[in-house]
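Residues in the sequence shown are numbered from 1 upward in steps of one, following UniProt numbering.
Glycine is no exception: its CB is placed at the ideal position from the N, C-alpha and C atoms.
No experiment lies behind these values; they were computed from the predicted model shown.
Inspection log for the structure reproduced underneath, given as structure tokens.
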Amino acid sequence: MPIAHTGIKVSAARHQAVVAWYEAALAPLGYTKAMAFLDNQVVGFGPSPGEVDWWVTSSAAAPPGVPPPADADVASVLPTHTAFVAKDRASVDAFHKAGVAAGGKCNGGPGVRQSGPTYYAAFVLDPAGNNIEAVCNAAE
Numbered sequence: 001m002p003i004a005h006t007g008i009k010v011s012a013a014r015h016q017a018v019v020a021w022y023e024a025a026l027a028p029l030g031y032t033k034a035m036a037f038l039d040n041q042v043v044g045f046g047p048s049p050g051e052v053d054w055w056v057t058s059s060a061a062a063p064p065g066v067p068p069p070a071d072a073d074v075a076s077v078l079p080t081h082t083a084f085v086a087k088d089r090a091s092v093d094a095f096h097k098a099g100v101a102a103g104g105k106c107n108g109g110p111g112v113r114q115s116g117p118t119y120y121a122a123f124v125l126d127p128a129g130n131n132i133e134a135v136c137n138a139a140e
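So, in structure tokens, the structure goes:
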């Protein structure tokens, strides 16, 4: 069964920069900022409005009427790894280029990986240190 949605939590101090990075890096994969709430502290991305499957949440986000955590600006959130499916190898290349241009750090340029002869992927560390991958399993 596929996963409906997932996401990351980043320190409040970095949240705005991380959201801006995802806006640029995920555009080549067809993702846009599709939803936001709690004063933009919870931002959803997806392939179309109303179809959100990737969330970027500030560590200061709290439900209405609940005060934000006292340590919201502490950068104690552990980095994660997430892979986005790309429609073709050119989209993997474009993701990598956009992610690095938006301030991410190359963590593995586009290319075929040991995972298989058609596993074409690229890796970029977002501004919070999360390892974000775009992958295409189609033959050349």
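Can you give the beta carbon distance from residue i to residue j, rounded, assuming they're within the 8 Å contact cut?
i	j	result
Tyr119	Val92	Contact doesn't hold; Cβ gap of about 10 Å is too wide.
Pro79	Gly129	4 Å
What residue range does the alpha helix (DSSP H) around residue i cover?
i	result
Val10	Note, Val10: premise wrong, no alpha helix (DSSP H); beta strand (DSSP E) at 6-10.
Gly99	89-101
Using 8 Å as the threshold, is the C-beta distance between residue i and residue j below it?
i	j	result
Glu122	His81	The sequence shown places Ala at residue 122, not Glu. No, they are not a contact pair.
Cys136	Ala83	no
Pro117	Arg14	no
Val19	Val43	yes
Asp88	Ala138	yes
residue 157	Trp54	The structure shown does not extend to residue 157, since the chain is modelled only from 1 to 140, so the question has no answer here.
Ala101	Pro28	no
Ala12	Ser59	yes
Taking the continuous beta strand (DSSP E) assigned at residue i, which residues delimit it?
i	result
Val18	Per DSSP, Val18 belongs to no beta strand (DSSP E); it is in the alpha helix (DSSP H), 15-25.
Ser58	54-58
Tyr120	120-125
Pro110	105-112
Val66	Segment: none, Val66 is in no beta strand (DSSP E) and carries neither H nor E.
Ile132	131-136
Ala83	81-85
Ala139	Per DSSP, Ala139 belongs to no beta strand (DSSP E) and is neither H nor E.
residue 141	Outside the modelled stretch of the chain, which goes from 1 to 140, sits residue 141, for which no answer is possible.
Ala34	32-37
Gly44	42-46
Please decide whether residue i counts as near chain C, where near means a Cβ-Cβ distance under 8 Å.
i	result
Gln114	As a matter of chain content, chain C is missing from the structure shown, which is built from one protein chain.
Cβ contact (3+ pairs, closer than 8 Å) linking the region 109-118 and the region 25-37: Contact between the region 109-118 and the region 25-37 is absent, because fewer than three Cβ pairs lie under 8 Å.
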